[in-house]
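Trainee:
2 protein chains.
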Amino acid sequence: MTQPKIRDYFQQTVAADPDLTPKQQAILQASLDLFAEQGFDHTSTSDIAQRAGVAEGTVYRRYKTKNAIREAVVAPIIDHIVPSLAADFTREELETKYTDLASFFRSVFANRLEFVNDNIKELKVALEMVFFTPGSREAMIQHVGPIVVDNIMGIFDDFKARHLMVDWPNDLIVQTMLSMLLGYFARVVMAIPPIDTQRELDYFVAMLTQAFTPKPENQV
Amino acid sequence: MTQPKIRDYFQQTVAADPDLTPKQQAILQASLDLFAEQGFDHTSTSDIAQRAGVAEGTVYRRYKTKNAIREAVVAPIIDHIVPSLAADFTREELETKYTDLASFFRSVFANRLEFVNDNIKELKVALEMVFFTPGSREAMIQHVGPIVVDNIMGIFDDFKARHLMVDWPNDLIVQTMLSMLLGYFARVVMAIPPIDTQRELDYFVAMLTQAFTPKPENQV
DNA sequence: TTCATAAATGAGTTACGACTCATTTAGTGG
DNA sequence: CCACTAAATGAGTCGTAACTCATTTATGAA
Chain A
1 MTQPKIRDYF QQTVAADPDL TPKQQAILQA SLDLFAEQGF DHTSTSDIAQ RAGVAEGTVY
61 RRYKTKNAIR EAVVAPIIDH IVPSLAADFT REELETKYTD LASFFRSVFA NRLEFVNDNI
121 KELKVALEMV FFTPGSREAM IQHVGPIVVD NIMGIFDDFK ARHLMVDWPN DLIVQTMLSM
181 LLGYFARVVM AIPPIDTQRE LDYFVAMLTQ AFTPKPENQV
Chain Z
1 MTQPKIRDYF QQTVAADPDL TPKQQAILQA SLDLFAEQGF DHTSTSDIAQ RAGVAEGTVY
61 RRYKTKNAIR EAVVAPIIDH IVPSLAADFT REELETKYTD LASFFRSVFA NRLEFVNDNI
121 KELKVALEMV FFTPGSREAM IQHVGPIVVD NIMGIFDDFK ARHLMVDWPN DLIVQTMLSM
181 LLGYFARVVM AIPPIDTQRE LDYFVAMLTQ AFTPKPENQV
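One line per chain: the protein sequences are A and Z, in this order. Numbering follows the working numbering, in which position 104 of the first sequence is assigned residue number 104; successive positions increment by one, without gaps. Numbering follows the working numbering, in which position 151 of the second sequence is assigned residue number 151; successive positions increment by one, without gaps.
1. Would you decide whether D33 of chain A is buried or exposed? Buried here means 16 or more other CB atoms lie within 10 Å of its CB.
2. Would the segment 111-119 of chain A and the segment 112-124 of chain Z be scored as touching if the rule is three or more Cβ pairs under 8 Å?
3. Express the C-alpha separation of D171 of chain Z and D19 of chain A in angstroms, rounding to a whole number.
4. Using the Cβ count rule (16 or more neighbours within 10 Å means buried), how would you classify A15 of chain Z?
5. Quick test of the definition: if touching needs 3 or more C-beta pairs under 8 Å, does the segment 182-196 of chain A touch the segment 73-81 of chain A?
6. Taking only beta-carbon atoms, is G154 of chain Z less than 8 Å away from chain A?
7. To the nearest angstrom, how far is it from the Cα of V59 of chain Z to the Cα of S84 of chain Z?
8. Give me the chain A residues within the contact set of T176 of chain Z, using Cβ-Cβ distance strictly less than 8 Å, ordered along the chain.
9. Under 8 Å, do K70 of chain A and M129 of chain A count as touching if we go by C-beta distance?
10. Between the alpha carbons of T209 of chain Z and D100 of chain Z, how many angstroms are there, rounded?
11. At the level of alpha carbons, what is the spacing between S179 of chain Z and S44 of chain A?
12. Thinking C-beta only, is F204 of chain A closer than 8 Å to F109 of chain A?
13. Let me know if I6 of chain Z comes out buried or exposed under the rule of 16 or more other beta-carbons within 10 Å of its beta-carbon.
14. Would Q142 of chain A count as contacting chain Z if we go by Cβ distances under 8 Å?
15. Between which two residues does the alpha helix (DSSP H) containing Y203 of chain Z stretch?
16. Out of curiosity, what's the CA-to-CA distance linking A206 of chain A and I173 of chain A?
17. Report yes or no: is there a C-beta of chain Z within less than 8 Å of the C-beta of V220 of chain A?
18. Is D47 of chain Z helix, strand or coil when you go by DSSP?
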């Protein structure tokens with residue numbers, strides 16, 4: 001399954017905005033690329049202007065501050081990442097295709113691991129902002145929370161109702177899956193690639209399946 | 001169990017160095033505090049001098065560049081964090097006290113979760129450096145690898161020999177435990193505290209125990 | 001073609017941050 | 001008390017980065 005990369009999605013989003021002139025679009029694209037390459041703090045507005053092929057004044061015409069640029073860049077990324085993390089399976093899909101946890105986990109993580117592989121730099125930009133930029137955090141949580149709740153929670157409830165998943169709290173199950181993904185991301189970022197994605201996937205599926213498949217004697 | 005905080009450990013380490021004058025010690029301490037509060041890039045050398053109560057020239061007497069200060073600050077932190085993550089259980093302890101995985105996980109994570117709770121800011125400094133500062137990564141991995149291998153791997157092999165743990169690759173088991181810890185850290189950082197640590201601990205123990213307790217039919 | 005409005009320009013301003021160095025102060029052995 | 005060295009000082013340099021603004025250039029309706 002070929003996934004669109006964040007950069008491409010960003011390009012499309014930016015191009016679709018009728019308020020943005022071509023130069024303004026170039027500015028946003030250059031900003032994303034430079035933030036991804038060098039980090040926000042080590043990217044100057046003149047860097048951005050140069051990469052975008054415009055004058056520095058043009059950068060400031062629409063965005064009053066450098067921070068405003070970052071917000072304009074990160075917002076659509078978050079808007080893309082979050083839904084792509086919050087898997088949306090239909091009830092029908094769940095009942096017909098996923099008769100056990102293993103196939104469900106495999107289906108979910110196959111996508112997500114590849115998504116991580118394909119978007120490391122852009123994910124770093126987003127993570128850097130979420131982790132190290134106070135203020136944007138709160139807004140993000142407000143924005144993200146409902147989507148996660150609506151989609152993922154329902155899926156888990158479905159599995160639980162069919163007695164295919166242990167009755168642990170949904171938020172902790174989500175946390176676990178995101179933790180594994182975050183750990184994978186960390187490993188990819190820190191170790192020198194290539195990481196054996198297939199091996200990781202097989203392990204994730206086996207481990208999570210064993211962890212969450214109900215056994216009569218285990219409850220919290 | 002009361003754990004020493006990174007900041008205190010740092011203070012002691014710095015005070016124990018005979019090459020450092022009191023003012024140089026104050027500079028390092030101020031640097032750690034400011035990096036933790038504001039991040040490295042948003043801390044100026046004049047900030048450091050002011051906080052340490054010295055002249056800016058004094059800051060540059062020993063450390064030729066601002067980056068050298070960061071290295072001097074982060075190195076002992078890493079040296080502290082790593083052993084504290086790599087649990088060192090004696091073989092005797094393992095065989096007498098830990099007759100099942102659950103008590104082992106509880107013992108390990110009780111410490112680690114509290115460690116995270118007590119050192120969030122300092123951990124952010126270290127993480128920021130490891131994740132977002134190329135170059136320091138490689139050195140870190142070289143430095144960290146052997147310790148982890150020597151300690152943790154042996155523990156797992158021990159459990160496996162006693163048929164208390166599934167025979168999955170050690171590196172993936174470590175990855176899983178670190179992922180859970182990283183996820184916990186992320187949750188603490190992002191959500192507005194307080195997080196219910198006890199609830200998380202109980203869940204971690206239950207989930208990991210179920211995941212890693214061997215069942216005849218499951219192998220990778 | 002003309003006028004009006006928005007977009008773009010880039011030289012300039014201002015502030016601040018990393019780093020230097022001539023000078024002063026503190027410490028120490030004789 | 002002196003002489004010598006190391007430690008500390010802080011005013012100053014130099015570069016850079018965010019941001020401004022008077023001016024020019026494109027756009028497009030009348």
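Glycine included, C-beta positions come from ideal geometry on N, C-alpha and C.
Mentor: Looking at the coordinates:
1. Along the first sequence, one-based indexing puts residue 33 of chain A at 33. With 16 or more Cβ atoms within 10 Å of its Cβ, D33 of chain A is classed as buried.
2. no
3. Taking the first sequence and counting its residues from 1, the one referred to as residue 19 of chain A is at position 19. Taking the second sequence and counting its residues from 1, the one referred to as residue 171 of chain Z is at position 171. Using only the alpha carbons, I get a separation of about 50 Å.
4. Residue 15 of chain Z sits at position 15 when you count from the first residue of the second sequence. Flag for A15 of chain Z reads exposed.
5. no
6. Mapped onto the second sequence, residue 154 of chain Z falls at position 154. Chain A contact via Cβ: absent.
7. Here the question's residue 59 of chain Z lines up with position 59 in the second sequence. Here the question's residue 84 of chain Z lines up with position 84 in the second sequence. Spanning the two alpha carbons is a distance of roughly 31 Å.
8. Reading the second sequence from its first residue, position 176 is the one you call residue 176 of chain Z. By Cβ distance, chain A contributes M180, G183, M207.
9. If you number the first sequence from 1, residue 70 of chain A lands on position 70. If you number the first sequence from 1, residue 129 of chain A lands on position 129. In the sequence as presented, Lys is not what sits at residue 70 of chain A; that position holds Arg. Yes, the Cβ-Cβ distance between R70 of chain A and M129 of chain A is below 8 Å.
10. Position 209 of the second sequence holds residue 209 of chain Z. Position 100 of the second sequence holds residue 100 of chain Z. The C-alpha of D100 of chain Z is placed about 9 Å away from the C-alpha of T209 of chain Z.
11. Locating residue 179 of chain Z in the second sequence gives position 179, counting from the first residue. Locating residue 44 of chain A in the first sequence gives position 44, counting from the first residue. C-alpha separation (whole angstroms): 34 Å.
12. Here residue 109 of chain A corresponds to residue number 109 of the first sequence, with the count starting at 1. Here residue 204 of chain A corresponds to residue number 204 of the first sequence, with the count starting at 1. For F109 of chain A and F204 of chain A, yes; Cβs fall inside 8 Å.
13. The residue you call residue 6 of chain Z lines up with position 6 of the second sequence. Buried, because 16 or more other Cβ atoms sit within 10 Å of the Cβ of I6 of chain Z.
14. Translated into positions along the first sequence, residue 142 of chain A becomes position 142. Not closer than 8 Å to any Cβ of chain Z, the Cβ of Q142 of chain A fails to qualify, so no.
15. Here residue 203 of chain Z corresponds to residue number 203 of the second sequence, with the count starting at 1. Where Y203 of chain Z is concerned, the enclosing alpha helix (DSSP H) starts and stops at 197-212.
16. Taking the first residue of the first sequence as 1, we reach residue 206 of chain A at position 206. Taking the first residue of the first sequence as 1, we reach residue 173 of chain A at position 173. Using only the alpha carbons, I get a separation of about 15 Å.
17. Mapped onto the first sequence, residue 220 of chain A falls at position 220. Any answer about V220 of chain A is weak, because its pLDDT of 44 lies below 50 and its placement is not dependable; what the coordinates show is given next. By this cut-off, V220 of chain A is an interface position.
18. Numbered from 1 along the second sequence, position 47 holds the residue referred to as residue 47 of chain Z. In the structure shown, D47 of chain Z sits in a helix (DSSP, three-state: H, G or I).
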